[in-house]
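Numbering (the numbering used here), first residue to last: 4 to 413. Ideal Cβ positions, reconstructed from N, Cα and C, are used throughout, including at glycine.
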Amino acid sequence: MFDLDRWREIFQSINKNRLRSVMSGFTVAFAILLFTLLFGVANGLGNFFKGAFADDAQNSMFVRVWKTSKPYKGLQTGRRVQLRNDDYNFVADEYEDKIQYQSARIYKNFSIKYKSEANTYNVRAVNPDHQFLEKTIIDDGRYLNERDLKEKSKVLVIGRLIKKDLFGEKVALGKRVNVNGSSFLIIGVFSDEGGDNEERIAYMPVTTAQSMYGNNDYISQINLGYNPNLSTDAAIAFGNKMERDLRKRLDIHPDDQSALSVRNMAEANKFISTVMLALTFIIGFIGSGTLIAGIIGISNIMIFVIKERTKEFGIRKALGAKPASIVGMVVQESVLITTLAGYAGLTLGTYILSLVGNSLEEDYFIKDPSVGSGTVIGATVILIISGLIAGYLPAKRAANIKPIEALRAD
Numbered sequence: 004m005f006d007l008d009r010w011r012e013i014f015q016s017i018n019k020n021r022l023r024s025v026m027s028g029f030t031v032a033f034a035i036l037l038f039t040l041l042f043g044v045a046n047g048l049g050n051f052f053k054g055a056f057a058d059d060a061q062n063s064m065f066v067r068v069w070k071t072s073k074p075y076k077g078l079q080t081g082r083r084v085q086l087r088n089d090d091y092n093f094v095a096d097e098y099e100d101k102i103q104y105q106s107a108r109i110y111k112n113f114s115i116k117y118k119s120e121a122n123t124y125n126v127r128a129v130n131p132d133h134q135f136l137e138k139t140i141i142d143d144g145r146y147l148n149e150r151d152l153k154e155k156s157k158v159l160v161i162g163r164l165i166k167k168d169l170f171g172e173k174v175a176l177g178k179r180v181n182v183n184g185s186s187f188l189i190i191g192v193f194s195d196e197g198g199d200n201e202e203r204i205a206y207m208p209v210t211t212a213q214s215m216y217g218n219n220d221y222i223s224q225i226n227l228g229y230n231p232n233l234s235t236d237a238a239i240a241f242g243n244k245m246e247r248d249l250r251k252r253l254d255i256h257p258d259d260q261s262a263l264s265v266r267n268m269a270e271a272n273k274f275i276s277t278v279m280l281a282l283t284f285i286i287g288f289i290g291s292g293t294l295i296a297g298i299i300g301i302s303n304i305m306i307f308v309i310k311e312r313t314k315e316f317g318i319r320k321a322l323g324a325k326p327a328s329i330v331g332m333v334v335q336e337s338v339l340i341t342t343l344a345g346y347a348g349l350t351l352g353t354y355i356l357s358l359v360g361n362s363l364e365e366d367y368f369i370k371d372p373s374v375g376s377g378t379v380i381g382a383t384v385i386l387i388i389s390g391l392i393a394g395y396l397p398a399k400r401a402a403n404i405k406p407i408e409a410l411r412a413d
C-alpha cells in the first residue's frame, strides 16, 4: 500500500544526506555503466566477425587454384593449375553425402549494354546452387536453373545496381542486353547482403560461358556447401581430405599453398566461436568483478549510513515506531537509490555505445556495439537485490537495539 508519509521521509532523508546518497548512487551507476560498455564492446566484436561473412553461407567451402610454387613429380615451379569439369564431377561424386550445394565459378569482365547505357561489370558463370552459397536474394524473376545449363542458354541474372545503372526505374526483366557482343535475356534481378560490389555482378550459366568464351571445360573455382548435419570438426576434416585428394589428382606438392587452397567456413566458424567464448569468459569475469565491487560499495555505504542513523532509530522507537517500519523505510530508500542509479548507468552506457556506433569498426573491429536489454536489466536487478540486502541486514540489527542503547550510540 502506498504510504505518502514514508516516501516524504525517504526523500527528506536523501535530501539531508546528499553526499551519502550521491556516493551510493555513483557506486551503482558506475558498476552498471562499466558492465554495459564491456558487454557492448563484446557484442560489437561478435557483430564484426558475423558481418565479415554475411554474404556467404555459413557452411561454404571455396576451392581455388593458381600457379605452383614448388616442383613436384618432375613438374616445374610456376605451372598454372587448371580446374576442369572432371574435377568438379569428381568432387560431386566422391563426397556426395557430405555436400549440400555445389557450384563451379568462372570469372569474366564484360561490357553490358542496353540502348545508350553501357558499363563493364564482373560476370560470373555459375551453377544454380550458387544462389544458396552466395545467399543471393531474388527481387524479380528467377535464378538460373538446370535447364539453362543443359541448353547453354544466353540468360543473365543481374544485380540490383546493374539494373539501376542500365534501366533506372524501368523494368529490366525480359529485356535483352548486349554482353560482349552477344544478346542475353535478363531473367532475374537480385540483391545481396554483401554490399554494393556484390550487387554490381551478373550471373550466367557456366556451360554458356564455357561454350562461348574459350570452347573448353575450364572452371576457375569450385564452391560448395557442406552438409549442415556435419559437426564443425567433421566439416574441417572433410575439407582437409578433399584438399589432399585434389592435390594428388592435380599433381600438386602437399605443402604448396599457393597452387591450391580450400577456404573452409567451418574453420572460420570454429575460430570465431573460440574467440567469442574466450571473450565472453573474460568479459563475464570482469563484469562480475564490477558487480561485486558495486555490491561491496553499496554494503559499506549502507553499514555506515545505518550506524550514522542509529540515534534516529532510537528516537523513532521511543516514540512508538515498530522495528518493521524502520527497516522498511531504510530498505525502500536503498532500493530507490539503487534503481535510479542503475537506470542512469544503463542509460548513459547505452547512449555512449550508440554515440560510438560503427566508428570503431575500421581500427578496432567493433561493429554496432550494443548490449541486450535482458543482460543489463538482469545485472541491475542483481544490484537492486544487493541494495535491498545491504540495507536490510544492518537496519534490522539497528532496529532491534533498545531505544536507550540506540540513544547512547556514538
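inquiry  = Under 8 Å, with one C-beta from each stretch per pair, do the region 158 to 169 and the region 200 to 207 reach the 3-pair mark?
reply    = yes
Quiz item: Contact between the region 148 to 158 and the region 69 to 83: three or more CB pairs below 8 Å?
Solution: no
### Query
Below 8 Å, can you find three or more Cβ-Cβ pairs linking the region 105 to 117 to the region 252 to 262?
no
How close, in whole Å, do the beta carbons of Y98 and M245 come, if the pair is a contact with beta carbons under 8 Å?
-> Contact holds; Cβ gap of about 6 Å.
Exercise. What residue does the alpha helix (DSSP H) around S328 start on, and which one ends it?
Worked result: P326 to V359
- Would you check if the distance between the CB atom of G290 and the CB atom of F42 is smaller than 8 Å? By the CB criterion at 8 Å, G290 and F42 fall inside the cutoff.
Nonlocal neighbours in the same chain, by C-beta distance under 7 Å from I141, ignoring five residues either side
G191 and F193
Simplified DSSP assignment, three categories, for I255:
coil
*asked:* Tell me which residues share the same chain as W69 and place their Cβ nearer than 7 Å to its Cβ, disregarding the 5 neighbours each side in the sequence.
replied: Only V84, S261 and A262 meet the Cβ criterion.
Item to check | Straight-line gap, G300 to D199 (C-alpha atoms, nearest Å) | outcome: Computed Cα separation, rounded: 51 Å.
Are the beta-carbon atoms belonging to S302 and A402 less than 8 Å from one another? no
Checking 8 Å against the spacing of the C-beta atoms, do I35 and E336 come in under that value? Contact flag unset, no.
For the pair the region 334 to 352 and the region 372 to 384, tell me if three or more CB-CB distances fall below 8 Å.
yes
For K153, write down the residues that DSSP places opposite it in a beta bridge. Note: K153 sits in no beta bridge, so no partner.
On the DSSP bridge list, what partners appear for D143? Under DSSP, D143 shares a beta bridge with V192.
Quiz item: For K157 versus T211, is the C-beta spacing smaller than 8 Å?
Solution: yes
Q | Between the CA atoms of N50 and S362 - distance to the nearest angstrom | A | 14 Å
For this session: Look up M4 in the DSSP assignment and say whether it is helix, strand or coil.
Result: Note on M4: pLDDT 48, under 50, position unreliable in the model; no value is reported.
In whole angstroms, give me the CA-to-CA distance for M4 and G331. Model confidence at M4 stands at a pLDDT of 48, short of 50, so the residue's coordinates are unreliable and nothing is read from them.
Requested in this report: Assign V182 to one of two classes, buried (16 or more other C-beta atoms within 10 Å of its C-beta) or exposed (fewer than that).
Outcome: buried
DSSP beta-bridge partners for R67?
-> Q224 and S264
Exercise for the section: Report the partner residues of M207 according to the DSSP bridge assignment. Expected result: A128
Checklist entry - Thinking just about the alpha-carbon of each residue, which of K325, L356 and K399 is nearest to the one in G47? => result L356
Worksheet item: What three-state label does DSSP hand N112 in the structure shown?
Response: strand
Practice task
Identify which residue in N218, S119, I275 and I340 has its Cα closest to the Cα of K155.
Solution key: N218
Report the CB separation of D195 from E137 in whole angstroms; it is logged as a contact under 8 Å.
7 Å
Checklist line | Contact check, R108 vs I222, beta carbons under 8 Å | finding: yes
Hey, which unbroken runs of the beta strand (DSSP E) at 3 residues or more fall wholly within the region 380 to 409? none
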